[in-house]
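Enquirer: After the structure tokens below, expect a handful of questions from me.
Residue numbers (this note's numbering): 1 to 1171.
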């Protein structure tokens, strides 16, 4: 099957000449929506846009160019038949380094191609200085062959052409396949000529190229096409390569063999010629395929590998030596790999260049349907049905599945059956097709029931799925009780096939067949058993629904089919089609295990949607889905395909208690299903209207779900239509959204329509726009909205990129001054031009300036005491401001900072404001004067022991409503701990205290533990991260863990308690009998554990987060993207600080005492003898 479908192609493709049914597909022109190439890191890709006439002229002028010194000149014979990609390859090989771009630019200048000249220069500038220097281009050794050896090479090429002349896969696809036709992949030609293009930024040809794709997308077809073109001297002919196609089964032999023997066998038994070729590895082109059929294990010990191609060795050593370039390092490898095996094979590869093969694109699928159905009305009906089930249509990326679906739909249409009734889900299509392959002739034993034989086939499939095994030997067949006649019968109907190079090995004809039969095992009814169905246990269900890190669960297809088979309509059809009883007993097990917890451990956006959602969409039993999702409160959804949208829209309807939704949309609704591949007779792309309706269904949850209060849209790009649909839903009178957040979204997402939600939605109180450019029209709309009397916004956070020479948010000042509704406004920018500490500090001052709407503008100067007085006066005038946060402001310049007095102020943060003990008297006065102040952060100010003593004296002797105090990184020692302990004894209002990153040591921690042992202690949160204590104070901490009743969060991480201390604390946590129970958290993994308990994860302020650029920019003169990596290792600095989160403190769960710790590392190190 020529079935590779890439993302784009700059050149048009001819119609397919091959057709078994006589159907001639329409010509396929390049899709206008195509914009990216799978080899987009290749150099000079814009050369692909030149016309045939321009390319011919370019080659003529290139042949006239003088070569670099010491290099052989290019000949017209080399250039005459070279395709565009090969011309680029010749350029970079014969004119190494930057000379290639200069030569190409000069030629385009002669051709008056100004735009191409500019593109050449831009790409050259981007690649410098990483471009490989000219001296690095080495001259290749010439491979000289004797006359008889050349004859053998010609014989080998003739044999290759004979073996690969038929591009269709030799696998005869199952069933009555007289209507199966071959569709030429329109982009295969471009793929092959660019396969070995030099890559950016070094400009080197990759020595290892991996073509990766799902089963059936055309990897083997590309390999055969490549071999055929090589044999015809059409693939990089100037390289003089000798190409060999190796299926992994050829290396997976019980007997040892050398690589030279393997190559000699390819050359009809010529060991001398094989040795001569292998002595010149730079002339070798090796194609490795069939990794999914390997039974050997790759070797992970480098010392076990070999570089001797003449030495006999086990297949595992030989294959690993080739992959890792230990053997034949100068050979060029092209590896064809199933996507699910990438994580297994990639660690052994050296600098691989990865090219994805995605199968049929949406336009190609559309073309296939229209080519298959001769009647236009039938084609429209079939395509409309297929696009109506986005999961099914997505499966049609695989060409054989596309044909399978067309075949089933056509059969039902000929019978006059309605397609939606016959096929309630994608699983039903496979059930109809595969049941047609199992006629009564499969049975061969008198008296044996059809069900028993089917059960054995299903057992083989299921065992393979659990083991991630796709090829089966005699032992596997025997365990499944499949004898030779069974195997031959299933081979006869082409449900099974022989492995490519293994006589005794078999596999299912396509992996989807194995997935279906494996799922079928768990719905079949077995009358002879006490329990009449094969039960699933909890572990297996969790396996089916797992979301592995950064890779697809290999059981995902089986899970989808299992849920689909449990659909009532599909189950009834299976009974009729397979002639066997079906049991739905496992549906109860799925219902019990698969129910999503209210605040469950959500997959990250890189995973896409949770696997469970696809399965629930497939089962389509509303009562079942409703029970699974009824209590679900948080969802994180990444929508990158049409199927993601349809599945999400379906499932969200059954989450009536949903409270928070995080959404990543990398897709435009109106363009997502542009299925017309060219000038097909269609007024609009098929599926456009339907996908728009799905988006409307998705957004309808904001109207129907009363509990949904938080929407976060991040890393998203939507078109105008999609944004307007979303805005209309948010403006609906029944939308109860209270918090709306946009992070790193496209310029169209934050639109005037979205801004209008602030007026139309009476419940919206919080708007945050982060790392997103806002156009002037949107900003004007925001200004007008803030003045509107029906705008009830209380918190506005705008953190956006802005040039430093422009006064940020100047135009917002009148709007903020004119309204008195806002209780918290944070406007801050990221400077992109001037990174001096002075200018960046000014940006953070701006945050405060506009939070309080000062009438007098600060002309780029940091705060001084006079400014502080202005600050206080403005605070008194702005009676509605309740939150003030200042960072990197210089409040003290040799004089005491004036007190910050505002009776309405509830939260005050003065972090890293150069405060010293000199200003602590003013701070103490602020504590006494502000009787509404509940949260205070003075982090990263060198207040020292003497300074904070004044604060603690106020808290000990005066009534204060303060509940949260942050003194992190304030240069404190154990000397101040007695004052703290005395204050905690007297003050019962203080609930949360952060003393992290201070040198309190053992003596100080022991003193702090004393008030915590009092029965009336009110402290709930105590953060002692990196306070330099050891195991000496652990007995005191142990007493707190055993006897304190009020603590709910205790952070002890970053301290060297050693094995003894860790053991004491761990034992205390286990022995505690009081409520609440103690739960230990490791900081790196705290998020998942905390959400499992229904609370928020314990937060370490040092964890890197999206706020890093906002805060750390103040001390850096480098571009912000560089700041992130340079600060990752600094423990004592404030990395990734979210000021509001730190001011609020960690959330607590009333039923749990969360102890944040990293003792696991201590215990492991002790066990290893390293501590």
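Glycine included, C-beta positions come from ideal geometry on N, C-alpha and C.
Where does residue 268 land, buried or exposed, given buried means 16+ other C-beta within 10 angstroms?
Expert: As a position in the chain shown, residue 268 is number 268, starting the count at 1. Burial call: exposed.
Enquirer: Would residue 252 pass as a contact of residue 295 if the rule is Cβ separation under 7 Å?
Expert: One-based indexing of the chain shown puts residue 252 at position 252. One-based indexing of the chain shown puts residue 295 at position 295. Yes, the Cβ-Cβ distance between residue 252 and residue 295 is below 7 Å.
Enquirer: By the DSSP assignment, the beta strand (DSSP E) with residue 1154 in it spans what residues?
Expert: Residue 1154 sits at position 1154 when you count from the first residue of the chain shown. Where residue 1154 is concerned, the enclosing beta strand (DSSP E) stretches over 1152-1156.
Enquirer: Could you have a look at residue 778 and say whether DSSP puts it in helix, strand or coil?
Expert: Your numbering for residue 778 matches position 778 in the chain shown. Helix, per DSSP.
Enquirer: Report the residue from 946, 544, 390 whose alpha carbon sits nearest the alpha carbon of residue 692.
Expert: Here the question's residue 692 lines up with position 692 in the chain shown. Residue 692 has its Cα closest to that of 390, out of 946, 544, 390.
Enquirer: Check residue 356 in the structure and name its three-state DSSP category.
Expert: For the purposes of this step, residue 356 is taken as the residue at position 356 of the chain shown. Note: residue 356 maps to strand in three-state DSSP.
Enquirer: Inspect the beta-carbon positions of residue 565 and residue 523 and report whether they are closer than 7 Å.
Expert: Here residue 565 refers to the residue found at position 565 of the chain shown. Here residue 523 refers to the residue found at position 523 of the chain shown. Taking 7 Å as the Cβ cut-off, residue 565 and residue 523 qualify as a contacting pair.
Enquirer: Counting along the chain, where does the alpha helix (DSSP H) carrying residue 517 start and finish?
Expert: Against the chain shown, residue 517 aligns to sequence position 517. Counting along the chain, the alpha helix (DSSP H) containing residue 517 begins and ends at 511-520.
Enquirer: Is the segment 392-401 touching the segment 648-658 in the sense that three or more CB pairs, one from each, lie closer than 8 Å?
Expert: No: the two stretches stay apart, fewer than three of their Cβ pairs being nearer than 8 Å.
Enquirer: Is residue 766 helix, strand or coil when you go by DSSP?
Expert: Indexing the chain shown from 1 puts residue 766 at position 766. Three-state result, residue 766: strand.
Enquirer: Mind checking who residue 1081 pairs with in its DSSP beta bridge?
Expert: Within the chain shown, the letter at position 1081 stands for residue 1081. Paired residues: 1156.
Enquirer: Applying the criterion that 16 or more other CB atoms from any shown protein chain within 10 Å of the CB defines a buried residue, is residue 364 buried or exposed?
Expert: Within the chain shown, the letter at position 364 stands for residue 364. By the neighbour-count rule (16 or more Cβ atoms within 10 Å), residue 364 is buried.
Enquirer: With residue 488 as the anchor, note down where its beta strand (DSSP E) starts and where it stops.
Expert: As a first step, residue 488 must be located in the chain shown, where it is residue number 488. Premise fails: residue 488 lies in the alpha helix (DSSP H), 484-492, not in any beta strand (DSSP E).
Enquirer: Do you know whose CA, among 537, 228, 641, 1069, lies nearest residue 594's CA?
Expert: Indexing the chain shown from 1 puts residue 594 at position 594. Looking at the Cα atoms, 537 is the closest of the given residues.
Enquirer: Please classify residue 247: does DSSP put it in a helix, a strand, or coil?
Expert: Here the question's residue 247 lines up with position 247 in the chain shown. It is a strand residue.
Enquirer: In whole angstroms, what separates the C-alpha of residue 87 from that of residue 337?
Expert: The count along the chain shown starts at 1 and reaches residue 87 at position 87. The count along the chain shown starts at 1 and reaches residue 337 at position 337. Rounded to the nearest angstrom, the two C-alpha atoms are 28 Å apart.
Enquirer: Counting along the chain, where does the alpha helix (DSSP H) carrying residue 106 start and finish?
Expert: One-based indexing of the chain shown puts residue 106 at position 106. It spans 99-110 - the alpha helix (DSSP H) in which residue 106 sits, taken as one unbroken run.
Enquirer: If you follow the alpha helix (DSSP H) that residue 643 is part of, which residue opens it and which one closes it?
Expert: Position 643 of the chain shown holds residue 643. Residue 643 -> alpha helix (DSSP H) spans 642-652.
Enquirer: Would you tell me roughly how many angstroms separate the C-alpha atoms of residue 1154 and residue 1080, rounded to the nearest one?
Expert: To locate residue 1154, count along the chain shown from 1; it is residue 1154. To locate residue 1080, count along the chain shown from 1; it is residue 1080. When rounded, the distance between both Cα atoms is 6 Å.
Enquirer: Examine the Cβ distances between the segment 1138-1154 and the segment 905-915 and report whether three or more of them are shorter than 8 Å.
Expert: These segments touch.
Enquirer: Does residue 44 come out as helix, strand or coil in the three-state DSSP assignment?
Expert: What you label residue 44 is simply residue 44 of the chain shown in a count that begins at 1. Residue 44 falls in the coil class under three-state DSSP.
Enquirer: Flag this pair as touching only if the segment 507-524 and the segment 456-464 have three or more C-beta atom pairs under 8 Å; answer yes or no.
Expert: In short, these stretches touch, since the Cβ pair count reaches three.
Enquirer: Quick one: residues in its chain with C-beta nearer than 7 Å to the C-beta of residue 807, no 5 flanking neighbours on either side, listed in chain order?
Expert: Within the chain shown, residue 807 is the residue found at index 807, counting from 1. Confidence is the limiting factor: at residue 807 the pLDDT is only 47, short of 50, which leaves the residue's position unreliable, though a coordinate-based value still follows. Closer than 7 Å at the Cβ level, and outside the excluded window around residue 807, lies no residue.
Enquirer: Per DSSP, residue 935 is paired with what?
Expert: Residue mapping note: residue 935 aligns to position 935 of the chain shown, counting from 1. Partner(s): 907, 964.
Enquirer: Going by alpha carbons, who is nearest to residue 935 out of 1023, 965, 490, 616?
Expert: Start at 1 with the first residue of the chain shown, and residue 935 comes out as number 935. That would be 965, whose Cα lies nearest to the Cα of residue 935.
Enquirer: Per the DSSP calculation, residue 257 is bridged to which residue(s)?
Expert: As a position in the chain shown, residue 257 is number 257, starting the count at 1. BP columns for residue 257 point to 313.
Enquirer: Measure the CB-CB distance between residue 787 and residue 763 and report whether it falls below 7 Å.
Expert: What you label residue 787 is simply residue 787 of the chain shown in a count that begins at 1. What you label residue 763 is simply residue 763 of the chain shown in a count that begins at 1. No; because the gap between Cβ atoms is not below 7 Å, this pair is not in contact.
Enquirer: Exposed or buried, residue 902, counting other C-beta atoms within 10 Å across all chains shown (16 or more means buried)?
Expert: Within the chain shown, the letter at position 902 stands for residue 902. Counting Cβ neighbours within 10 Å, residue 902 comes out buried, since at least 16 surround it.
Enquirer: Can you say whether residue 592 is buried or exposed, counting buried as having 16 or more other CB atoms within 10 angstroms of its CB?
Expert: Translated into the one-based positions of the chain shown, residue 592 becomes position 592. It counts as exposed.
Enquirer: Suppose the cutoff is 6 Å on Cβ atoms and the five residues either side in sequence are ignored; what does the same chain contact list for residue 618 look like?
Expert: Residue 618 sits at position 618 when you count from the first residue of the chain shown. Same-chain partners within the cutoff: 425, 560, 563, 564.
Enquirer: Out of 616, 620, 611, state which residue places its alpha-carbon closest to the alpha-carbon of residue 638.
Expert: Locating residue 638 in the chain shown gives position 638, counting from the first residue. Closest by alpha carbon: 611.
Enquirer: For the putative contact between residue 725 and residue 770, defined by C-beta atoms under 8 Å, what is the C-beta separation to the nearest angstrom?
Expert: Locating residue 725 in the chain shown gives position 725, where the first residue counts as 1. Locating residue 770 in the chain shown gives position 770, where the first residue counts as 1. About 23 Å; that fails the 8 Å criterion.
Enquirer: Name the two residues that bound the continuous alpha helix (DSSP H) containing residue 367.
Expert: Residue mapping note: residue 367 aligns to position 367 of the chain shown, counting from 1. Per DSSP, residue 367 belongs to the alpha helix (DSSP H) from 362-372.
Enquirer: Taking only three categories from DSSP, how would you classify residue 525?
Expert: On the chain shown, position 525 is the one that residue 525 refers to. In the structure shown, residue 525 sits in a strand (DSSP, three-state: E or B).
Enquirer: Can you give me the C-alpha to C-alpha distance between residue 146 and residue 272, rounded to a whole angstrom?
Expert: The count along the chain shown starts at 1 and reaches residue 146 at position 146. The count along the chain shown starts at 1 and reaches residue 272 at position 272. If I take the Cα positions, the gap works out to 11 Å.
Enquirer: Taking the C-alpha atoms as reference points, what is the distance between residue 263 and residue 694?
Expert: Mapped onto the chain shown, residue 263 falls at position 263. Mapped onto the chain shown, residue 694 falls at position 694. So the alpha carbons of these two residues sit roughly 55 Å apart.
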